[in-house]
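Encoded as structure tokens, the structure appears first; notes follow it.
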Amino acid sequence: MTMLEINSGDTAWVLTAAALVLLMTPGLAFFYGGMVRAKSVLNMMMMSFISMGTIGVLWVLFGYSMAFGDSIGFELGATRDEGPTFFGILGNPFQYFGLQGLMSPDAVAGSLPAMAFVAFQACFAIIAVALVSGAIADRASFGGWTLFTVLWGILVYFPVAGWVFSFDGFTGEHGGWIANWLGALDFAGGTAIHINAGISGLALALVLGPRIGFGTKPMRPHNMTLVMLGAGLLWFGWFGFNAGSALSAGTTASVAWVNTLVATAAAMLAWLLVERFRDGHPTSLGAASGVVAGLVAITPAAGSVSPVGAIFVGGIASAACAYAVGLKYKFGYDDSLDVVGVHFVGGLFGTVLIGLFADPNSPAGVAGLFYGGGVDQLWRQAVGAIAVTVYAFVVSYLIAMLIKRTIGWRITTADELSGIDLVEHSEAGYDLSPVYYSNKVQRTLFLTKDDLPETETTGASK
Amino acid sequence: MTMLEINSGDTAWVLTAAALVLLMTPGLAFFYGGMVRAKSVLNMMMMSFISMGTIGVLWVLFGYSMAFGDSIGFELGATRDEGPTFFGILGNPFQYFGLQGLMSPDAVAGSLPAMAFVAFQACFAIIAVALVSGAIADRASFGGWTLFTVLWGILVYFPVAGWVFSFDGFTGEHGGWIANWLGALDFAGGTAIHINAGISGLALALVLGPRIGFGTKPMRPHNMTLVMLGAGLLWFGWFGFNAGSALSAGTTASVAWVNTLVATAAAMLAWLLVERFRDGHPTSLGAASGVVAGLVAITPAAGSVSPVGAIFVGGIASAACAYAVGLKYKFGYDDSLDVVGVHFVGGLFGTVLIGLFADPNSPAGVAGLFYGGGVDQLWRQAVGAIAVTVYAFVVSYLIAMLIKRTIGWRITTADELSGIDLVEHSEAGYDLSPVYYSNKVQRTLFLTKDDLPETETTGASK
Amino acid sequence: MTMLEINSGDTAWVLTAAALVLLMTPGLAFFYGGMVRAKSVLNMMMMSFISMGTIGVLWVLFGYSMAFGDSIGFELGATRDEGPTFFGILGNPFQYFGLQGLMSPDAVAGSLPAMAFVAFQACFAIIAVALVSGAIADRASFGGWTLFTVLWGILVYFPVAGWVFSFDGFTGEHGGWIANWLGALDFAGGTAIHINAGISGLALALVLGPRIGFGTKPMRPHNMTLVMLGAGLLWFGWFGFNAGSALSAGTTASVAWVNTLVATAAAMLAWLLVERFRDGHPTSLGAASGVVAGLVAITPAAGSVSPVGAIFVGGIASAACAYAVGLKYKFGYDDSLDVVGVHFVGGLFGTVLIGLFADPNSPAGVAGLFYGGGVDQLWRQAVGAIAVTVYAFVVSYLIAMLIKRTIGWRITTADELSGIDLVEHSEAGYDLSPVYYSNKVQRTLFLTKDDLPETETTGASK
Amino acid sequence: MKLITAIIQPEVLEQVMKAVVRHGVGGMTISEVSGYGRQRGHVEVYRGEEYTIDFITKVRLEILVDDPECEEVVQVIAGAARTGQVGDGKVWVVPVDDIVRVRTGESGLAAV
Amino acid sequence: MKLITAIIQPEVLEQVMKAVVRHGVGGMTISEVSGYGRQRGHVEVYRGEEYTIDFITKVRLEILVDDPECEEVVQVIAGAARTGQVGDGKVWVVPVDDIVRVRTGESGLAAV
Amino acid sequence: MKLITAIIQPEVLEQVMKAVVRHGVGGMTISEVSGYGRQRGHVEVYRGEEYTIDFITKVRLEILVDDPECEEVVQVIAGAARTGQVGDGKVWVVPVDDIVRVRTGESGLAAV
Ligand SMILES: Nc1ncnc2c1ncn2[C@@H]1O[C@H](COP(=O)(O)OP(=O)(O)O)[C@@H](O)[C@H]1O
Ligand SMILES: Nc1ncnc2c1ncn2[C@@H]1O[C@H](COP(=O)(O)OP(=O)(O)O)[C@@H](O)[C@H]1O
Ligand SMILES: Nc1ncnc2c1ncn2[C@@H]1O[C@H](COP(=O)(O)OP(=O)(O)O)[C@@H](O)[C@H]1O
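If you read the sequences in order, they're chains P, L, A, G, Z and D.
FYI, numbering that gives the first Met the number 0 numbers position 284 of the first sequence as 283, with every residue one higher than the one before it.
FYI, numbering that gives the first Met the number 0 numbers position 365 of the second sequence as 364, with every residue one higher than the one before it.
FYI, numbering that gives the first Met the number 0 numbers position 297 of the third sequence as 296, with every residue one higher than the one before it.
FYI, numbering that gives the first Met the number 0 numbers position 104 of the fourth sequence as 103, with every residue one higher than the one before it.
FYI, numbering that gives the first Met the number 0 numbers position 33 of the fifth sequence as 32, with every residue one higher than the one before it.
FYI, numbering that gives the first Met the number 0 numbers position 83 of the sixth sequence as 82, with every residue one higher than the one before it.
Following this line, the structure appears as structure tokens:
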């Protein structure tokens, strides 16, 4: 642990940023919650909220330590002149078990109290898991999902966060291999968060199978005001996410802030233009989706491109996502709320475009292909992205299969038809009628799958 | 007033924290507003908003001075070796009347401009009053409530805030007796805010009597998305509340931040587990309630327990609250939105558990019973909690009776049936129909109490 | 550009404030969105969101430079002893084109990284445009509005922002004439933002003409919870707006913070009192409107009045606005969501009342009429307010006419009746029914204007 | 067989329901409607302007009964729904040719 | 006595209401429904995919009238609701055995 | 002419609609209602307290048909809506005096 003095301005900013990032998870709950049908809104929101519960506790117990403890790994040839040769795989889970020792005024991380860094990174872990839930809307048992958050946190997120975010000598002597050995640039988590969550969402969507009616009914958002609220809170919180990742309040944070604004602005415009010309109408769901796509794309790049570069990164990635969200209909995986289409694709574009647009005048000081830097950074970005994609997909798939074989994943067909809110939470999202019925319920039917005509049952691998 | 130099980092954090705390009151408005039936949502929200109006103005005029002016009191034997012997009761209301003198660059409080401290504490006063309103949902005249906010602010909150938050020599030579003479630990207001508001809610619920149908109809939340929004904003704002109470941006704030995260996470899990095993289903209302219970419980303890201790404080208090919210049905007081069950009980547990879990390595540096500190801190905590409970209950009861005897408290039975929004505010919360009726109204009936069958009229002491 | 060292505390505060201001635009989207009828909620929100897209990109490209580049202008006699003689009209658009040079650690603005100042001011530009949209709810084509945001940004906002916010020697040698040559006090944008947007809204309302049914049907808010959410987020964000305008974290910011709290509290009370005595009931829409009116009024004055003065500024301006919102019915312009009544009138009162209430002990250190300062400041305030009013009205009117004559402004009568959400965005705001219809649509009718009885068609200058 | 339709005030729904169930009616179907009738002229103020309110929320009950019970059930409903105020609503009776219980396919009286 | 039921476009509700009231009808009951009929085939694009829309929001009017007025009221409604476009809706008439005014207990014609 | 009204479970709406359309019915009107009937006693727990649920969301279908088709359409609906569980609902038939198509003014059978 580096021993520097605590800077109150940097600490103020990072504590603020941490709160902003924490707010992103409720924001995501509303973004996702508004996109499902009225009968599933509570379950959708609960999938995000429960992540705050399980990951919040795990992070304090050993999650932080698995990510930021001194890394276990091995020596390997360096990838750069005088670059590190240590290939770090997993932080020591016991070093900071229960956050021991970190309350001391001497425990610092850079210019921050160690606990401020713990706080900031905790919220990254929470939202990463929550993001995955969008791929399996309306149909996953709440118990199954809760178990998934625990296993995915331990087996996927904590290690990968260490690979990407743990720099040598910051909280431990050795950090993770992507940040140090490979040297891929990932300012705030394009790989560790978005590629990671996005591809894990694909694994889950494949294991759970599509919703009843997928591809034949539109299943449009039931409450676009909630979606817009989510998008607004996400954008707001993302300033903490990206600019906070500078871990100090200075030029780097300010550049990341401006890039987070302008890439997102460009991304919103790009998505709306695609819709305008492809579908005839720019939609509010398109605006919200463009916002998120832009935020995802600029996440890895916020510290390494110029504001003008950020316009390109946001615009290109968003247009790509606007097309990618249609792929699920083509290939038949029900990525219900476009976790793959937006987070995986957007994260991938953002991560790789750094290799093209990295500006040597930006805080990262690296030149991408278009700035005369050649392909050196490009291949590092690609390798980082691919590594996380493969690891996350395989492990998530295995976790998902394990849950399916043990406690089970999917609610029954009748329950899915009646609505998951009532069966899993015994609640209904809304009762806005001014008329007061005594004890009205919205749950109605106890169908079995056999009661449905063949055509209604999709080929879901239940 | 201590004369130190203003630290820009500390100021940045406290101004941010103040804004976060301010947001908690609208957050509470949504949390409470979503929990009532559709016909009362606006009145419920207005009870919070009006507190921002009345208390905001009073605070500037003399509220701050009553809490943080040099305290009026008397000498009494010290409770600790070399502890203070002055028993401070009430800040001098004239010292800072109209905040005079506090705009000067020389007016500081610790490392902050005095005005930053004024701002931060103003938001505490506002939300404390607003919290009470949940106990009397759906039935209190808006005029009666508005008057209550004024009287309660003056007679209950401003003095009690001085007892708990005014430290000797910080903004006046003498502060309040709980903080200084007794030496109870209350980091951010478990006593002054939550016990205080919670028990005052009980007094009001007793004076106003139950809603029509209380105990025989479920009266479930009409809009759970609004409740979840409230819970999300409250959690977000509470980082300002708790970590801001450090009044500086350093290790103490960071520890309080992490404790505020993890206690709440544990509390959410605890409440959901109680529901899962008692009622069969974990509900979203349970998650939201657990979040608030955890936040309440960690409020006094955020600076005096370790993160692992915080897991226990949050978990234990939340489970207790999950059972306590059922007591109103047993005893027949209509604490409509569980102000007593969550804020009083949660505040009590949080305050007292410090006596058990206080960790000498935490910023407060005090050892509780489980950390070898004996019962010294425990009894101080208990005395502080009891004192606030008794004072607040008695004075609130008297204020409530006064209002009942003078301008009246409760709307008529017919108005309560039709819905308080229309009668008190001449508005309806929602008109979501795509069909446009010219001038549709949702108000319908002009019943008198006699028109109702006997069984429908509860034993409310109107 | 002044060369000072970057202060991390100031930077932390301004980055936070920038994020708060950014959140105001979604907040405004909800505030406005809730006030229209259910069939227009998405379009209303999209008018705000698209501003984030277009202005966000323009700001980075040349908007910042047009406002804060070294100003083009001419010499003119000074208005004060030793006051500046340069009359600055427009920042050099090429100086900071694409924000060139501002990523450098040497690029500072006061004690901030230049990029932090860019970020903060970007959000001002975004919300200024978005505010205008409330005047033309339910009837403007989305393409027309989008084009308007671009033209208004370039021709109205960027220049006026330079006049008011660009101080000599801060980001360029010469700044704008209102701030420097005239010396009107405008702490956070009463002229540049609120008068500017408010009067531009009037121009648009006149050009577009009233909605069908204006003045004969109430057209009440369809979702008051959304309005209250908007009001809450606006108030929260406004602390960034006003206290952030100190551009440092110290006494000035703290005073502005407290003023922003108490003026708004007083304004809410004032509006509710007007309603109570004029209409019989204090409404939640009144509370929300009062909040916004108070925030608008204190915006210019936050740094130049005492907290007690702020109570007067907020209270007086809000009462004036409460009456002013009724003028549209008298004069027949359909300022649908009271942009003129609240932003223009509130901004005007706030700006001019400084001339009366400016307190020499406040950070600005200027004495208004009531504090013995005579009318010197008063006329400066009046001139500033009038100049912006005239410029903005004329240019906005011309832009609006240009759009009307070219791509067209107003949707068809049939589309307006059916609802703009479906025609412009092919979406509906809500589908809250628990019953799942396959592919239900809320769009229904393809009426032409001739199908309507005469009385239904207002005299809109279509 | 008859279909009784009643338009009543929302606030009396619960007591009406209890009354008819006590009377032996085994089922009913309920919906929300807006009523226009004598009960109007109610004036609301919005933004300082006055507007007259035309439509008022009501509840609609539909009850299928056997002919002989019809008369009495109508009386029970009207009795339980009466507050004596303008706007109390209407009850009317329509002849029904046939009724089928979906679950069993039974028809006629057996299906009520 | 008759019960007239009309399914109309939401946008014409106001003019229909005014027309029947002008014609002397003193009350009516209104609700929101979804209609399926000839008016369909409307195609919407969502996330780049096309879907056909089946149900369309309509308004349902119920008016109790005395037999002699019935014919005319039906014409008034149909006239006021006509836009000439597919989807304009239907009006139908059902015989009513009896009507009771809840407030007074009056029945038959007096209750209309 | 007849008016067939059916109260069915919301989940079977789609298959009922498809069945009647396949059978040749060209239009229908749908609304949401709450039903009270044998299907009750369902108990929910809220805040640790138990409550019995009385009203359950149902869908109401109205279909105008010509007399000869009536019987069959009723059977088609009942068949498609049947799940065999309590709460499946009812279908009933009411005589209709006249029908008018708003768009054209046609009346009687031509208007169905
Ligand atoms: N002719 C009618 N046809 C259908 N419904 C009617 C008719 N007249 C009244 N109603 C319904 O009955 C309700 C009460 O009627 P109203 O005339 O206001 O009071 P009352 O029945 O007490 O005289 C109305 O809101 C409307 O829903
Ligand atoms: N057979 C029917 N039974 C009941 N309602 C019908 C029937 N046919 C049409 N409707 C209602 O009338 C509305 C308009 O019918 P549609 O066939 O679309 O147009 P039109 O009546 O102009 O030919 C439908 O949306 C539906 O609500
Ligand atoms: N007498 C009745 N009049 C009107 N609607 C009824 C009647 N009885 C039942 N219903 C409707 O039919 C639905 C199903 O009835 P229920 O008795 O629960 O089951 P089932 O028809 O299978 O015996 C009810 O929810 C209600 O909407």
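For glycine and all other residues, C-beta sits at the position ideal for the given N, C-alpha and C.
At a cut-off of 8 Å between C-beta atoms, A:D337 does not count as an interface residue with respect to chain L.
Excluding residues up to 5 positions away in sequence, A28 and G32 lie with their Cβ nearer than 6 Å to the Cβ of L:M44 in the same chain. DSSP places Z:L63 inside the beta strand (DSSP E), whose first and last residues are F54 to V64. Distance between L:T78 and L:T251, taken at the CA atoms: about 26 Å. Contact check for Z:A79 against Z:V15 passes: the beta carbons are separated by less than 8 Å. Annotation for G:T4 indicates a beta carbon at 7 Å or more from all heavy atoms of ligand 1.
At least one CB atom of chain L sits nearer than 8 Å to the CB of P:F48. Residue-level contact check: D:P94 touches chain G, since one or more beta carbons of chain G fall below 8 Å from its beta carbon.
Near chain D, meaning a CB-to-CB distance below 8 Å, the residues of the stretch 323 to 335 of chain L are V324, G325 and Y328.
Interface residue (Cβ-Cβ distance to chain Z less than 8 Å): G:Y35 is classified as such.
Relative to the non-hydrogen atoms of ligand 3, the Cβ of D:R37 comes within a distance shorter than 7 Å of at least one. Where Z:V93 is concerned, there is no enclosing alpha helix (DSSP H), although the beta strand (DSSP E) around it starts and stops at K89 to P94. Residue environment: L:R277 is assigned as exposed (fewer than 16 neighbouring CB atoms within 10 Å of its CB, all protein chains considered). Residue pairing by DSSP places D:S106 opposite D:V99 in a beta bridge. Remark: the C-beta of G:V19 is outside contact range of ligand 3, defined as less than 7 Å to any heavy atom. Sequence-distant partners of L:F166 (beyond 5 residues in either direction) whose C-beta falls short of 6 Å from its own C-beta, in its chain, are G174 and A178. The beta carbons of L:V312 and L:L352 sit closer together than 8 Å. Residue pairing from DSSP places A:V107 in a beta bridge opposite A:P112. Look at Z:V44: its C-beta is under 8 Å from a C-beta on chain A. Here the distance from the Cβ of D:R102 to the nearest heavy atom of ligand 2 is below 7 Å. Relative to the non-hydrogen atoms of ligand 2, the Cβ of D:M27 comes within a distance shorter than 7 Å of at least one.
Annotation for L:A321: the continuous alpha helix (DSSP H) segment containing it runs P306 to A323. Below 8 Å, enough C-beta pairs join the stretch 218 to 231 of chain L and the stretch 34 to 43 of chain L to call them touching: three or more.
One Cα belongs to Z:L2, the other to L:A292, and the distance between them is close to 56 Å.
Residue pairing by DSSP places A:G90 opposite A:S70 in a beta bridge.
Using beta-carbon distances, Z:E48 counts as an interface residue toward chain P, with a partner under 8 Å.
When the beta-carbon positions are compared, A:A300 and A:F186 come within less than 8 Å of each other. From the listed residues P:V107, P:G197, P:D80 and P:G97, the smallest Cα separation to P:F348 is found for P:G197.
In the structure shown, the three-state DSSP call for Z:T4 is strand. Between the alpha carbons of A:V295 and A:A191 lies a gap of roughly 12 Å. Judged by beta-carbon spacing, L:G212 lies beyond the 8 Å limit of L:W408, meaning their Cβ atoms are not closer than that value.
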